[in-house]
Structure formats: structure tokens, C-alpha cells
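Asks: The following block contains the structure, expressed as C-alpha cells.
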Amino acid sequence: MSRSVLITGGNRGIGLATARAFADDGEQVAITHRSGDAPPGVLGIHADVTAEGDLERAVEKAEAEHGPVEVLVANAGITADTLLPGMPPERFEQVVATNLTGAYRTVRAAIRGMLLARTGRVVLLSSALAFLGSPGQTNYAASKAGLAGLARSLAWEVGARGITVNVVAPGIIDTDMTKPLSGPRMDDLMRMTPLGRTGTPEEVAAAIRFLASPAASYITGAVLPVGGGLGMGI
Ligand code: NDP
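Structural data, given as C-alpha cells:
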């Protein structure tokens, strides 16, 4: 297939692996990035998901090069961990602004084209920890749990137009985001993970690729855990 694919935060980690997976399939891939670059063969577009207007401009650029966005992956995300009593409002709001409002901005920018085309695939990156809870991550878990509500409400709004909206909930994946995790906290998380290891960005990319594939045509509003069993049953 040669669809127009747009991924936010595609310069590293899960977003980069996802961009490579779609590009290897022959799709026309655009990524947004703040730092770094796009991998070879992928269109890079500077955008910050917290900045008003950036996503509209990104969608315009992707559509000018590749045509209307048919697959949208809202991947950009951050953590800023602190126990709640010591968490200042701006630390809470920064994470929600990036992970939840950022995904809303991303989807809002691209969904009109999908509605007109009467087809489209939207995948949002949540987290197993959104549903399990995680000390120090009230901001992160709240933002990532919010994505499930966003996806399921949107699935109702756009289902009749042939658009699916799904959520991927990774466990502990080996990227820059999880580098600070070590020692007893990592040991605990691995004890809670039946497969007993961290996942790779490519393993998450494979799930995203599946949800965007014809094989997933009857799946919408789903939360797909990709966590080696961490968060099974969510
Ligand atoms: P990384 O920290 O490796 O990459 C994060 C990406 O998001 C980078 O491309 C970064 O861009 C981008 N980003 C962050 N803030 C913004 C912003 N304001 N505007 C635009 N882009 C932004 O994280 P991962 O690859 O690990 O995570 C990808 C997604 O998966 C995130 O949503 C994360 O919450 C989720 N996830 C990850 C898990 C893990 O274990 N790694 C587990 C569960 C969920 P830049 O390089 O410019 O900072």
C-alpha cells in the first residue's frame, strides 16, 4: 500500500520505529519532530504538539507531499514524574498539554480530511501504567487514561464514516523515556511483566501497523496492550 501516514514524535523511540515500519511497507510517511531528523525516505516536519497551529501546518505539509492523511499516529509524549504532594500545577499541566491535549490537537488537525475521504485509521499511544496506576505518575497516568476516553468517544463520532480509532498501551519499552528507570522500581515492573523483559520499539510499531492494516478493519475503540503481559486484562 502507499497511504499517507503521519506520526507525531517520529524522530526517536517508538515513533521512529513506527515510521520505519510503515516506510518499509511502502507507505508515504511524514513525521513531526522538534529535535533530530526524519529517517531516510521519510518527510520530516517541525512541530510542537503543544503549539497552537503547528499540527494544522504539519497536516497541510504532509498532505501537500503525500495527499490526505489516511493513517494518523499520535505518539508524541513526555513524563515528568513527582509524587503528587510535591507536584506543582505547571508540571501536571505540561504533561497533560503534551500527552492528552497534544493528541486532541493532532487528531483535530487530520480528522476533517479523513471524514471527507470516508476512510482513515487513528492510533493513539497510551500506556499500561495509565490503567495500573504508577506512583509519581499521576500526571502521566491521567493524561494517558484520558486518551482511552478520547479514542472511544471519537470512535462513535467517526465510525459511520469508515474511520477506526484505537489505542495502543505499551508496557516498559526500551527507549529514552525509560532510561531513568533502574534498580528496585525496574525490578518491580519486570516482576509484574510475565514475559520478564522490556519490549522493543519495533514490537510496539508492529501493533500500530496491525491496527492500521486491512486485517484490523473491524477493530475500533480498542485498547491493545503491548506490554509482555504487564497490564493484561485492561
Ligand atoms: P521518547 O522519549 O523516546 O520519544 C518521545 C517523542 O515524543 C520524541 O520524538 C519527542 O520529540 C516527542 N515529543 C515530546 N514532546 C513533544 C512535543 N511537545 N511536541 C512534539 N513532539 C514531542 O518516548 P517513547 O518513544 O518511549 O514514547 C513514545 C510514546 O509512547 C509516548 O507517548 C509515550 O508516553 C508512550 N509510551 C512509552 C512507553 C515506554 O516504555 N517507552 C510505555 C508506554 C507508553 P523530541 O525528540 O523533540 O523531544
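So the sequence shown is numbered by the numbering used here: it starts at 121 and just counts up by one.
Just so you know, even glycine gets a beta-carbon here, dropped at the ideal spot from N, CA and C.
1. Taking all protein chains shown into account, do 16 or more other C-beta atoms lie within 10 angstroms of the C-beta of His186, making it buried, or fewer, making it exposed?
2. Could you tell me whether the Cβ of Thr320 comes closer than 9 angstroms to any Cβ of chain B?
3. Quick one: what does DSSP say Gln214 is sitting in, helix, strand or coil?
4. Let me confirm a value: Met121 is counted as buried when at least 16 other C-beta atoms fall within 10 Å, else exposed. Which label applies?
5. Name, in chain order, the residues that DSSP records as bridge partners for Asn219.
6. Asn259 lies in the alpha helix (DSSP H); which residues open and close that run?
7. With a threshold of 8 angstroms (Cβ to nearest heavy atom), would Thr218 be considered close to ligand 1?
8. Compute the Euclidean distance between the alpha carbons of Gly164 and Arg140, then round it to the nearest angstrom.
9. Between which two residues does the alpha helix (DSSP H) holding Leu309 run?
10. Give the DSSP-derived three-state secondary structure of Arg241 in the structure shown.
11. Count the other CB atoms, across all protein chains shown, that sit within 10 Å of the CB of Ala184; report buried if there are 16 or more and exposed otherwise.
12. Look up Asn286 in the DSSP assignment and give the residues it is bridged to.
13. Let me know the secondary structure DSSP gives Val125 once reduced to three states.
Replies: This is what the structure holds:
1. Stepping through the sequence shown from its first residue, residue 186 is reached at position 66. Buried, since its Cβ has 16 or more Cβ neighbours within 10 Å.
2. Although the question refers to chain B, the structure presented lacks it and comprises just one protein chain.
3. Position 94 of the sequence shown holds residue 214. The answer is helix: DSSP assigns Gln214 an H, G or I state.
4. The sequence position of residue 121 within the sequence shown is 1, counting from 1. Exposed is the call here.
5. As a first step, residue 219 is located in the sequence shown; it is residue number 99 there, counting from the start. Secondary-structure assignment with DSSP links Asn219 through no beta bridge to anything.
6. The sequence position of residue 259 within the sequence shown is 139, counting from 1. For Asn259, the uninterrupted alpha helix (DSSP H) segment begins and ends at Thr258 to Val278.
7. To locate residue 218, count along the sequence shown from 1; it is residue 98. Of the heavy atoms belonging to ligand 1, at least one sits nearer than 8 angstroms to the Cβ of Thr218.
8. Within the sequence shown, the letter at position 44 stands for residue 164. Within the sequence shown, the letter at position 20 stands for residue 140. C-alpha separation (whole angstroms): 13 angstroms.
9. The residue you call residue 309 lines up with position 189 of the sequence shown. Gly303 to Arg311 is the extent of the alpha helix (DSSP H) around Leu309.
10. As a first step, residue 241 is located in the sequence shown; it is residue number 121 there, counting from the start. Arg241 falls in the strand class under three-state DSSP.
11. Here residue 184 corresponds to residue number 64 of the sequence shown, with the count starting at 1. The residue is exposed, with fewer than 16 neighbouring Cβ atoms inside 10 Å.
12. Counted from its first residue, the sequence shown places residue 286 at position 166. Paired residues: Val243.
13. Here residue 125 refers to the residue found at position 5 when the sequence shown is read from its first residue. Of the three classes helix, strand and coil, the one that applies to Val125 here is strand, per DSSP.
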